[in-house]
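One structure is given here, and the rest of the page talks about it.
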Amino acid sequence: MKKIISFFLTIFMGAAMAAETKKLVIYYSRTDENYSVGYIQKGNTEIVAEIIAEKTGATLLKVEPVKEYPKEYDDCIAVAKKELANDARPDFKPISINPEEFDEIYVGYPVWWGEMPMTMFTFFEKYNLKGKTIHPFVTHEGSGLSGVARLKKVTGANVKPGLAIYGHTAQNEKDKAIKDVEKWLK
């Protein structure tokens, strides 16, 4: 009888594990001088990404450009504007996680010139996320969910309603950011 119970328990546990959704938080975030918050040690988007990973049990994956952006805000956005105008595809550093192996993906980035940073386009054009579920989240200082429309086009994924959090909220009002994330995840 013990063998039969053990057998069914093994099958049940295996089925439950197989049905478990693999979750990933992919994000790009920038430190140094940021609009309205000054010089920061941890990026606004990274703060929100960590909250989401903690609340969902997702794996974190930070996308980092090969060539770093300038430390000063005005210089950084000048480079970002030029990249956008040229539809550039700046390369990113190698990663150890294959996002294609995940079912549900949270995608975060700061909004620059009404768009996601161009390095994120490079990233999404490299991996096949067609058919995956993507939950976009952004940090901004007034642009809201800009760039999300192109996310669906570049990934071919099922893009769900997104979350926009002010960068200064992520930096200075973490409790509010946590509440905003929790409300969005429901």
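For the sequence shown, the numbering used here gives the first residue as 2, with consecutive numbering after it.
For glycine and all other residues, C-beta sits at the position ideal for the given N, C-alpha and C.
Note that this is a predicted model, so its numbers are computed, not measured.
Member of the options whose CA lies at the smallest distance from the CA of residue i
i: Pro137; options: Lys161, Phe122, Phe103; result: Lys161
i: Asn129; options: Ala158, Asn87, Tyr74, Thr22; result: Ala158
i: Glu142; options: Gly168, Gly163, Arg151; result: Gly168
i: Thr156; options: Gly58, Tyr29, Thr123, Lys24; result: Thr123
i: Lys133; options: Leu146, Val112, Phe103; result: Phe103
i: Glu32; options: Ile48, Met117, Ala79; result: According to the sequence provided, residue 32 is Thr. The question's Glu does not apply to it. That would be Ile48, whose Cα lies nearest to the Cα of Thr32.
i: Val38; options: Leu146, Asp181, Thr170; result: Thr170
i: Ala79; options: Pro95, Tyr107, Trp113; result: Trp113
i: Ile106; options: Pro118, Ile135, Gly145, Tyr29; result: Ile135
i: Glu30; options: Pro118, Gly148, Lys180; result: As written in the sequence, residue 30 is Ser, which differs from the Glu given in the question. Closest option to Ser30, Cα to Cα, is Pro118.
i: Ala81; options: Pro95, Pro111, Ala150, Lys56; result: Pro111
Status (buried if at least 16 other CB within 10 Å, exposed otherwise) for residue i
i: Tyr40; result: exposed
i: Thr140; result: buried
i: Asn173; result: exposed
i: Thr22; result: exposed
i: Asp76; result: exposed
i: Asp176; result: exposed
i: Leu152; result: buried
i: Lys43; result: exposed
i: Gly115; result: exposed
i: Asn99; result: exposed
i: Ser97; result: exposed
i: Asp88; result: exposed
Same chain, Cβ closer than 8 Å to residue i, five either side skipped, listed in chain order
i: Met14; result: Any reading at Met14 needs caution, since the residue's pLDDT is 49, under 50, leaving its predicted position unreliable; the model's value is listed next. So no residue of the chain qualifies.
Residue i versus residue j: straight-line alpha-carbon distance, rounded
i: Leu85; j: Ala54; result: 29 Å
i: Phe9; j: Ile166; result: Here the model assigns Phe9 a pLDDT of 46, short of 50, so the residue's position is not dependable, and the following value carries that caveat. Each residue's alpha carbon lies about 46 Å from the other.
i: Met121; j: Ala50; result: 15 Å
i: Pro71; j: Glu101; result: 31 Å
i: Thr46; j: Ala178; result: 11 Å
i: Lys184; j: Gly58; result: 16 Å
Cβ-Cβ distance between residue i and residue j below 8 Å
i: Phe93; j: Glu65; result: yes
i: Pro91; j: Lys68; result: yes
Nonlocal neighbours in the same chain, by C-beta distance under 6 Å from residue i, ignoring five residues either side
i: Thr60; result: Leu25
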